[in-house]
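**Student:** Once you've had a glance at the structure underneath, I'll fire off some questions.
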Amino acid sequence: MEEKKVTGWTGWVAFASIAMMFVGVVQAVYGFAALFNQNWYVATGSAIYLFDIGTWGWSMLALGALVFISGALLMAGNAFGRTMGVLFAAIGIIVNLVWLAATPVWSILGLVLYSLVLYAIIAHGGEMKELSKA
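Okay, so the sequence shown: first residue is 20 according to this note's numbering, each after it adds one.
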């Protein structure tokens, strides 16, 4: 069987996996903060929005764990990690498109970054498995 060539794009895949693990930790911290501070509310100029903060906290905690695990699996070259990395990068692109009018510079930077990460995972994500074997 022919061995795949490992290119420099694995650096972008590694960046994507490290970023996913970091975001997973941050989301988990948000979840823990929500669970330990149940009296949180959001006040705007004309309305107050009350949240079921417990449900939101557990959701953020679960999402954070899933994103962290996906990032670790992506680093190892796992197919599930690649799939979840593509899914999270696609969601990031959509979110940045939504926020384009509010924060154009950051949204464009996010679009470029997520696009590069998406390309790296789709086209070169399998090289991480070859890299981890070496």
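For glycine and all other residues, C-beta sits at the position ideal for the given N, C-alpha and C.
This one's a predicted model, so the numbers in the text were calculated from it and none came from an experiment.
Check whether the Cβ atoms of F36 and G83 sit closer than 8 Å, and answer yes or no.
**Tutor:** At residue 36 the sequence reads Ser, which differs from the Phe that was named. Not a contact, by the Cβ cut-off of 8 Å.
**Student:** When you compare only the Cα positions, how much space is there between Y133 and I127?
**Tutor:** Using only the alpha carbons, I get a separation of about 10 Å.
**Student:** In this structure, how does DSSP classify G96 when only helix, strand and coil are distinguished?
**Tutor:** Three-state result, G96: coil.
**Student:** With a threshold of 16 other CB atoms inside 10 Å of the CB of A53, please say whether the residue is buried or exposed.
**Tutor:** Looking at its Cβ environment, which holds 16 or more other Cβ atoms inside 10 Å, A53 is buried.
**Student:** Closest to G30 by C-alpha separation, out of W118, L93 and V44, would be which residue?
**Tutor:** The residue with the shortest Cα to Cα distance from G30 is L93.
**Student:** Check this for me: beta carbons of M39 and G104, under 8 Å apart or not?
**Tutor:** It is a contact, given that the beta carbons lie within the stated cut-off.
**Student:** Less than 8 Å between the CB atoms is what I'm expecting for G50 and W28, so what's the real figure, rounded?
**Tutor:** Incorrect: roughly 33 Å between the Cβ atoms, too far for contact.
**Student:** Excluding sequence positions up to five away, which residues of its chain have a Cβ less than 6 Å from the Cβ of G144?
**Tutor:** For G144, where only same-chain residues beyond five positions count, the Cβ hits under 6 Å are V32 and R101.
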